[in-house]
Amino acid sequence: MLINVNMTINGKAVSGQVEARTLLVEFIRDHQRLTGTHVGCDTTQCGCCTVHVDGKAVKSCTMLAVQATGKSIITIEGLAQPDGTLHPVQEAFREHHGLQCGFCTPGMVMVGVDICRRHPNADEHTVRQELEGNICRCTGYQGIVEAIMDASAKMAGGKA
Amino acid sequence: MENFAYHTPASVADAAKLLDAHEDAKLMSGGMTLLPTLKQRLAAPSDLIDLAKIPDIKGVCRDGDELVIGAMTTHAEVHENALVRELIPGLASLAGQIGDPAVRHRGTIGGSCANADPAADYPAGTLGHGATFVTNKRKIAADDFFLGLFETALEPGEIIVGVRFPIPVWSHYQKLRHPASGYAVVGVLVAQTKSGVHVAVTGAGPSAFRATAMEEALTKDFSVKAIEGIKIDAADLNNDIHASSDYRAHVVTVLAKRAVAAR
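Dropping the structure here:
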């Protein structure tokens, strides 16, 4: 039996028919063809699938599409301005080289935005603790932490 | 995962009716344990009853000398709530140590307690504060709630509506966090309550328990020295790849001392 779901993704109203067991990340990737959100571990550990649901970072591999009905979803595709201007966190990742292979990057950026919103002028300890749920297997995290600290300071200072 | 029928009841009464009507139904709150369990096919319920659309079982309010936390209140909400931070900061701190930020945005106090994972943090939080579970049928003291490994006093058809926390004089949670899972290898909550000193331990045994010998010692003399020589019997503790039972027994005392030292 298929269930109708309606939600907003990156400001656009979308709808579709899914099985109850369809994960939110499957709806985003396979139904909406927004493949910027990645599936890494599929077990709530790596954070590659992180998106924002009503403004909060969640792991879209551990939420059903039906649970997102009526909610506002932001994915990595929805962060930059329509003219291509990067979000301050994206810009900081570019500036500080906060990525290597790029697989974890969409999740890192999405959780980074969440961290910056909740922790203005975040220090290194806070950022490292807040990255608990996102795993990177190549960078050693240094550039990621620096990028999020920088973006957090810039967003708090109103410079971006 | 296997497919299932999905329900979003608008009230606790409707959720209870659905539970009664479907033998293999399961309740879902945040889904942070349930959905991974379904993915691994460790469970395959016929029906999932999502409690997210029930309006009156989330949020925090004060009722006299108690804080009432709705079952569907997320860990992030408990961690950030101004009332919890003011009146039971030890509980706000505990909630902020569960899992990771994204998990804390979804996982709930009701779901965590109903699941009764031996390494979850809230069982120590509820036992240590002498909390009471309010269900759709009755009230259950935390002391009577956690019965064993993933086992609680909840009966079929019974739904946690909220948890009532008596406001303590002081409380503090110390945790040895498993670096990969975020669960407590051992967690100890020490509270000075109106009914005496409570020392609640999670992660160490098959289910959370109170360290009564430490409670008695701290009631007489609330000092680190008072519990220095008290060790939990390792024979009753978990022994697994993460930590031996002897090590866990040792860490219980270490964390209890750290908690007392934080006073």
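Line by line, the protein sequences give chains A and B. Quick note: the first sequence uses the numbering used here, first residue 1, plus one each step. Quick note: the second sequence uses the numbering used here, first residue 161, plus one each step. Cβ atoms here follow ideal geometry from the backbone N, Cα and C, with glycine treated the same way. On a predicted model such as this, the values are computed, not experimentally measured, just so you know.
Scan the stretch 178–257 of chain B and note each continuous beta strand (DSSP E) run of 3 residues or more that stays entirely inside, going in chain order. Qualifying beta strand (DSSP E) stretches, in chain order: 185–188, 207–210, 220–223, 226–230.
Report yes if the CB atom of A151 (chain A) is closer than 7 Å to the CB atom of A262 (chain B), and no otherwise. Contact flag unset, no.
Short Cβ contact (7 Å threshold) for G288 (chain B) with L349 (chain B): Yes.
Do the stretch 208–218 of chain B and the stretch 167–174 of chain B make contact, defined as three or more Cβ pairs closer than 8 Å? In short, these stretches touch, since the Cβ pair count reaches three.
Assuming G230 (chain B) contacts G317 (chain B) (C-beta within less than 8 Å), just tell me the rounded distance between them. That pair is no contact at about 20 Å.
Within chain C, the residues that P196 (chain B) reaches when beta carbons sit closer than 8 Å: The structure shown contains no chain C; the protein chains it does contain are A and B.
Proximity to V345 (chain B) [Cα-Cα], best of B:L179, B:A302, B:D400, B:V357: Nearest C-alpha to V345 (chain B) among B:L179, B:A302, B:D400, B:V357: B:D400.
State the CB to CB distance for the pair I161 (chain A) and C116 (chain A), rounded to an integer number of angstroms; the pair is presumed to be in contact (CB under 8 Å). The structure shown does not extend to residue 161 (chain A), since chain A is modelled only from 1 to 160, so the question has no answer here.
I'd like the list of long-range same chain contacts for I28 (chain A), defined as Cβ closer than 8 Å, with 5 residues on each side in sequence excluded. For I28 (chain A), where only same-chain residues beyond five positions count, the Cβ hits under 8 Å are I9, L34, T37, V51, S60, I73, T75.
Between the CA atoms of P328 (chain B) and A160 (chain A) - distance to the nearest angstrom: Below a pLDDT of 50, predicted positions are generally treated as unreliable, and A160 (chain A), at 46, falls in that range; no measurement from the model is reported.
Which value, in whole angstroms, describes the spacing of the CA atoms of R423 (chain B) and L415 (chain B)? The straight-line gap separating the alpha-carbon atoms of R423 (chain B) and L415 (chain B) is approximately 13 Å.
Spatial neighbours of Q32 (chain A) in its chain, beta-carbon cut-off 7 Å, leaving aside the 5 residues before and after: So the list reads I9, V14, once near-sequence residues are dropped.
Would you report the Cα separation of V145 (chain A) and T139 (chain A), rounded to the nearest angstrom? Taking the straight line joining both Cα atoms gives about 10 Å.
On the three-state DSSP scale, how would you describe A160 (chain A)? With a pLDDT of only 46 at A160 (chain A), under 50, the local geometry of the prediction cannot be trusted, and the value read off the model is given with reservation. A160 (chain A): coil per DSSP, three-state reduction.
By how many angstroms is the C-alpha of M110 (chain A) removed from the C-alpha of T197 (chain B)? Those two C-alpha atoms are separated by around 26 Å.
Tell me, to the nearest whole angstrom, how far the beta carbon of N121 (chain A) is from that of T69 (chain A); I am working on the premise that it is less than 8 Å. That pair is no contact at about 36 Å.
Check the C-beta distance from T22 (chain A) over to L195 (chain B) and give it rounded, since I have them as a contact under 8 Å. Between T22 (chain A) and L195 (chain B) a beta carbon distance of about 12 Å is seen, past the 8 Å cut, so the two are scored as non-contacting.
At which residues does the alpha helix (DSSP H) containing R94 (chain A) begin and terminate? Residue range 88–95 is occupied by the alpha helix (DSSP H) that includes R94 (chain A).
List the whole-angstrom C-beta distance separating L309 (chain B) from S367 (chain B), where the pair is believed to meet the contact cut-off of C-beta under 8 Å. That belief holds up - the Cβ atoms of L309 (chain B) and S367 (chain B) are roughly 6 Å apart, short of 8 Å.
Which runs of the alpha helix (DSSP H) at least 4 residues long sit entirely within the stretch 355–416 of chain B? Give them in chain order. Qualifying alpha helix (DSSP H) stretches, in chain order: 372–380, 384–387.
Listed by chain order, chain B residues near K59 (chain A) by CB distance under 7 Å: Per Cβ cutoff of 7 Å: A262.
Of the residues B:H358, B:K391, B:A395, which one's Cα is nearest the Cα of T379 (chain B)? Nearest to T379 (chain B) by alpha-carbon distance, out of B:H358, B:K391, B:A395, is B:H358.
Listing by chain order, which chain A residues have their CB less than 7 Å from the CB of D210 (chain B)? Contact of D210 (chain B) with chain A by beta-carbon distance below 7 Å involves Q67.
So, with DSSP's three-state summary, where would you put K56 (chain A)? K56 (chain A): strand per DSSP, three-state reduction.
Using a Cβ-Cβ cut-off of 6 Å (strictly less than) and excluding sequence neighbours within five positions of A280 (chain B), which residues of its own chain qualify? Once the five neighbours on either side are set aside, the close Cβ partners of A280 (chain B) are S272.
So A147 (chain A) contacts chain B; which residues on that side make the cut at Cβ distance below 8 Å? Chain B residues near A147 (chain A): none, gap ~17 Å exceeds 8 Å.
Verify the CB distance criterion: does M232 (chain B) have a CB-CB separation below 7 Å to chain A? No - not a single Cβ of chain A is within 7 Å of the one on M232 (chain B).
Find the nearest neighbour of A421 (chain B) within the set B:A394, B:E388, B:A395, judged by alpha-carbon distance. Taking only the C-alpha atoms, the option nearest A421 (chain B) is B:E388.
Measuring alpha carbon to alpha carbon, tell me which of A:A153, A:G157, A:Y141, A:N134 ends up nearest S341 (chain B). Comparing Cα positions, the closest option is A:N134.
Do V412 (chain B) and L336 (chain B) come within 7 Å of each other at the CB atom, strictly closer than that value? No, they are not a contact pair.
Can a CB atom of chain B be found closer than 7 Å to the CB of E124 (chain A)? E124 (chain A) does not count as touching chain B.
Could you give the distance in angstroms between the alpha-carbon of Q352 (chain B) and the alpha-carbon of D223 (chain B)? Each residue's Cα considered, the two are about 20 Å apart.
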